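Below: the structure, in C-alpha cells.
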Amino acid sequence: SLNPVMVNSSAIKQTTSSSTGPGNYFSVAGRRPGENIFLWNGVEYPGGTNAISSTPGGVSGQLLGIEAVREFNIVPNMDAAEFGHRAGGNVTIVTQSGTNNFHGSAYEFLRNSALDARNFFDRKARPDDPRIPPFRRNQFGGSAGGPIQKDKMFIFGNYEGFRQMWNLPKVAIVPDQQARKGLLPNANGVYQPVPDLNPAVLPYFALWPEPNGPNIGGGAAYSYHATPNPVNEDFGIVKVDRIFSDKDTVSGAYTIDYGDNVGTGQNPFSLVNNSERAQVLSLADTHIFSPTMVNNFTAGFSRVWFRYFYSLSISPPGLQPFVVGKPVGQINIGGAQGSTTITPAGSGPNTGHDQLNTDNIFTYQDTLRITKGIHSIALGGWLERLQSTDLSGTYGQVNFTSLATFLQGRPTLFQVTQPAPAIPFRVWMGAWFVQDAMKLRSNLTLSLGLRHEISNGYHANNNLGASYTQGPNGVLLTQPRIGDSLFTQNRAKWLFGPRAALAWDPFGKGQTSVRAGFVGAASMFLPLRALRRLLRD
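Heads up: the sequence shown runs through residues 15 to 551, numbered per my numbering.
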C-alpha cells in the first residue's frame with residue numbers, strides 16, 4: 015500500500031556516475047529521502063552505492079527482483095511505534111514463498127534504439143557511424159518454487175539479470191591540432207609558437223581526444239563522441255520455509271545483488287567505474303501462543319560493498335603520474351586571458367574519486383502482538399549493530415589558467431592529498447516500543463504508542479577519526495580533535511518518541527478516510543557519508 019504523502023524525486027535528482035549512486039529517490043511525509051528505511055524480510059536493506067542513506071538498488075539504478083516480492087508496505091512513522099530508526103518512511107518488503115505445487119516463470123524484456131528519435135547532440139564522430147547512437151537493454155530471468163517436503167518445507171528462488179549498452183553522445187572542448195604542437199593564435203588569429211614552451215607537457219595532450227568538430231578559437235575545438243557505457247547487474251534470492259507445527263514456522267532467505275558499470279564524462283578517456291555487491295541474510299520465526307497472541311522474531315545480516323574509482327581508457331607513453339602507482343590525476347585548464355575552458359583530462363579529481371566502502375549491519379527484532387477486545391497491542395524491542403569501513407585514495411590534481419600557461423608548464427595549483435588509512439566506524443542502536451490500536455467504533459480507530467531509542471554514539475575505532483572544533487571565542491581551532499567529537503558525544507540515550515494516530519470513516523461506507531496523527535521521531539544518525547566527512551576531513 016502506498017501512502018499519499020509521498021514525493022518522487024527521480025525527476026529532481028537522478029545520477030548516473032557519482033558517489034551517491036544511480037537510482038530513484040522519494041520523500042515520505044516531507045522528510046529527506048535519506049531518512050527512509052527499507053526492511054527486506056524484516057532486515058534492513060541498505061542502499062547499494064550510497065550505503066545506508068539511499069533507496070536500495072544496484073549500479074543499474076533499477077530495483078531488480080520484483081518477481082520475488084509478495085507484498086510491500088510504505089508507512090510514515092506516525093502509524094506505529096514498532097517502526098523507527100529513521101524519521102522518514104518505513105518500506106517493508108516480504109518475498110515470495112514456495113507452495114505445495116511447483117510453479118515458475120521466465121521473462122525477457124528488450125529495449126533498443128531501433129525506433130528512437132535523433133537527439134540534438136547525436137553527432138557522428140566518424141562518417142560511418144550510425145545516425146542514432148546504439149542503445150540496448152535486456153532484462154531477463156525466472157523464478158521457481160515448490161515443496162521440499164509436502165505440507166512441511168518449501169523453497170522459492172528468483173534470478174534477474176540486467177544488461178545495458180548505451181553509446182551516450184557527449185561533446186568535449188579539447189585542444190586543437192595546432193595547440194598540440196605548441197602553437198596558439200594571436201589576436202589576429204595567426205598561430206605562433208608559445209614563448210617559453212615546456213616540451214615535457216606535450217605528451218599530456220594525448221589525454222584529450224582528437225578534435226573532430228569546428229575550432230572555437232583560443233586553440234580549442236569541439237570533439238564529438240559516443241562512448242559505450244556498459245551496465246551489468248545480477249540479482250538472486252533463495253528462500254526456504256519450514257513449518258514445524260501448527261504453532262511454529264521458520265523462514266530463511268539469502269539475497270544477493272552484484273553489478274558493475276563503466277561510464278564517461280565529457281572526456282571519453284576518463285572512465286568512471288562503479289562496482290557494488292549487496293547481500294541480505296534473514297531468519298524469521300513466528301510462534302503462535304494462542305489465537306490472540308503471536309510472536310515474531312527476526313535476526314539478520316546485511317552487507318554492502320561499494321567500489322568507486324576513476325581510471326583511464328588509454329595508456330599514452332611518457333606520462334608521469336602525480337601519485338606513484340595511480341593513473342594520471344586531473345588536469346584543469348581554465349578560461350583566463352580570453353581563452354576557452356578546456357574539458358578536464360586525466361583520471362579524476364584529487365579526492366573523492368577512489369573509494370572503497372563496506373557496511374555490515376546486524377539486526378535483531380522481536381515483536382509480540384496481542385488482540386483482546388477492542389485492543390490490538392504490539393510490544394517488543396529492536397537491536398542493531400553497524401560496522402562501516404571507509405578507504406579512499408588520491409590521484410592528485412593540477413590547475414592551469416589557460417592553454418598558454420599549460421604549454422609553459424606554469425600551474426597555479428598542484429594538489430596531492432595524503433591518502434587516509436581504512437577507518438572503521440562502529441555503533442550500537444536499540445529501541446523498545448509499545449502500542450495499542452483501539453477500535454473505539456466500527457468506523458473509528460485510535461492508536462497510542464511510545465518508542466524509546468538509544469545509541470552508544472557513532473565513533474571510529476582506534477582513534478583514527480579526527481575533526482576540527484571551535485574554541486571558546488568561536489574561532490576554529492587549528493589542531494584537530496582526535497577520537498570522539500562534538501558530532502558523536504550525544505549518546506542518544508533518551509530519544510522518546512510518543513505516537514498518536516486517528517483513523518475515521520465519517521460515513522461508514524469505506525470510501526472516505528480522515529487521518530490525523532502526532533509523532534516524535536528522530537533519525538538515529540546523520541547520513542553516513544556526511545558524518546564521515548565531519549570526522550575525517
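Beta carbons: idealized from backbone N, C-alpha and C, even for Gly.
Predicted, not measured: the structure shown is a model, and the values here were computed from it.
Query: Beta-bridge partners of W442, as assigned by DSSP; Result: R399
Query: Those runs of the beta strand (DSSP E) which lie wholly inside the segment 150-197 and span at least 3 residues; Result: 167-189
Query: Per DSSP, cross-strand counterpart(s) of H117; Result: G159
Query: L552 - containing alpha helix (DSSP H), residue span; Result: Outside the shown range of the chain (15 to 551) lies residue 552, about which nothing can therefore be said.
Query: Backbone secondary structure at Y59 - three-state DSSP; Result: coil
Query: Assigned exposure category for N487 - 16 Cβ within 10 Å defines buried; Result: exposed
Query: Rounded separation between G473 and L400 - CA only; Result: The sequence given here places His at residue 473; Gly does not occur at that position. Near 11 angstroms, if we compare the C-alpha coordinates of L400 and H473.
Query: Paired residues, beta bridge with Q344 - DSSP; Result: Q411
Query: Alpha helix (DSSP H) runs contained entirely in the segment 252-335, provided each spans 4 or more residues; Result: none
Query: Whole-angstrom distance between F52 and V105, CA atom to CA atom; Result: 5 angstroms
Query: Inter-residue spacing [alpha-carbon to alpha-carbon] between E122 and N246; Result: 15 angstroms
Query: Q28 - DSSP class collapsed to helix/strand/coil; Result: Below a pLDDT of 50, predicted positions are generally treated as unreliable, and Q28, at 34, falls in that range; the measurement from the model is reported next regardless. Here Q28 sits in coil by DSSP.
Query: Cβ shell of T306 (< 8 angstroms), same chain only, five flanking positions each side left out; Result: I384, T385, K386
Query: Residue interval of the beta strand (DSSP E) (run including S419); Result: The sequence given here has Thr at residue 419, not Ser. Looking at the DSSP string, T419 is not in any beta strand (DSSP E); the run it does join, the alpha helix (DSSP H), is 417-422.
Query: Residues of its chain near G352, where Cβ-Cβ distance is below 7 angstroms and the 5 sequence neighbours each way are ignored; Result: Any reading at G352 needs caution, since the residue's pLDDT is 46, under 50, leaving its predicted position unreliable; the model's value is listed next. Answer for G352: G232, listed in chain order.
Query: Contact the segment 420-431 vs the segment 448-459: 3+ CB pairs below 8 angstroms; Result: no
Query: Residues near A220 by beta carbon distance below 8 angstroms, same chain, minus five either side; Result: I328, P330, L333
Query: A530 - containing beta strand (DSSP E), residue span; Result: 528-533
Query: Beta-carbon contacts of Q369 that lie in its chain and below 6 angstroms, excluding the five residues immediately before and after; Result: Y322, S406
Query: Meets three-Cβ-pair contact criterion under 8 angstroms: the segment 157-173 and the segment 200-209; Result: no
Query: Beta-bridge pairing of N87 - partner residues as DSSP gives them; Result: T106
Query: Residues near V528 in its chain [Cβ-Cβ closer than 7 angstroms; skip 5 each side]; Result: W518, P520
Query: Residues near V264 in its chain [Cβ-Cβ closer than 6 angstroms; skip 5 each side]; Result: R256, D299
Query: Buried or exposed (CB count within 10 angstroms, at least 16 for buried), A120; Result: exposed
Query: Delimiting residues of the beta strand (DSSP E) encompassing K386; Result: 368-386
Query: Sequence-distant residues of the same chain with beta carbon closer than 8 angstroms to P217, five excluded per side; Result: P330, P331, G332, L333
Query: As assigned by DSSP and simplified to three states, the class of Y218; Result: helix
Query: Cβ separation of S287 and S325, assumed to be a contact under 8 angstroms, to the nearest whole Å; Result: Note that residue 287 corresponds to Asn in the displayed sequence, not to Ser. Contact flag correct, Cβ pair sits at about 6 angstroms.
Query: Those residues which DSSP pairs with T241 across a bridge; Result: L182
Query: Closest by C-alpha distance to D165, when choosing among T492, N133, T113; Result: T113
Query: Nonlocal neighbours in the same chain, by C-beta distance under 6 angstroms from F414, ignoring five residues either side; Result: I347, F420, P425
Query: Limits of the unbroken beta strand (DSSP E) element including Y472; Result: Run containing Y472: none; DSSP gives neither H nor E here.
Query: Any 3 or more C-beta pairs closer than 8 angstroms across the segment 154-165 and the segment 178-193; Result: no
Query: Beta-ladder partner(s) of T459, from DSSP; Result: K453, A517
Query: Option in N181, L454, R177 with minimal Cα separation from R145; Result: N181
Query: Residue range of the beta strand (DSSP E) that includes F40; Result: 40-42
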